[in-house]
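Participant: Structure below; questions to follow.
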């Protein structure tokens, strides 16, 4: 009986750790997407400098910045998570 309870407690602990890790990964992914979205929108009007500033303001780091005419594409990172976003002010 004690062995069964011990196994159940260990499995519950492992499930809790796995759930916490998944939650952290999801938060990092959302952070990266928010930073990328904000940086892309800022980059349309303010260029790379504004994109960097907005990525950092949203707890991220700008990894890549590209402009093709009216369209800006950026990649941002939060921890190990990265996200890409595109914004445009043209037709």
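In our numbering, the protein residues as written are 892 to 982.
All C-beta atoms in this analysis are idealised placements derived from N, C-alpha and C, irrespective of residue type, glycine included.
Only a predicted model underlies this, so the values are computations on that prediction, with no experimental measurement involved.
At the level of alpha carbons, what is the spacing between residue 926 and residue 905?
Facilitator: Between residue 926 and residue 905, the C-alpha separation is close to 32 angstroms.
Participant: Measuring only the C-alpha atoms, how far is residue 922 from residue 972?
Facilitator: Going by the C-alpha atoms only, they are around 8 angstroms apart.
Participant: Using three-state DSSP, classify residue 957 as helix, strand or coil.
Facilitator: DSSP places residue 957 in strand when its eight states are reduced to three.
Participant: Is DSSP giving residue 975 helix, strand or coil here?
Facilitator: Residue state, collapsed to three classes: strand.
Participant: Please classify residue 943: is it buried, with 16 or more other beta-carbons within 10 angstroms of its beta-carbon, or exposed?
Facilitator: Looking at its Cβ environment, which holds 16 or more other Cβ atoms inside 10 Å, residue 943 is buried.
Participant: Where does residue 934 land, buried or exposed, given buried means 16+ other C-beta within 10 angstroms?
Facilitator: By the neighbour-count rule (16 or more Cβ atoms within 10 Å), residue 934 is buried.
Participant: What first and last residue would you give for the alpha helix (DSSP H) that runs through residue 904?
Facilitator: Start and end: 893-948.
Participant: If the criterion is Cβ atoms closer than 9 angstroms, does the pair residue 919 and residue 970 meet it?
Facilitator: Taking 9 angstroms as the Cβ cut-off, residue 919 and residue 970 qualify as a contacting pair.
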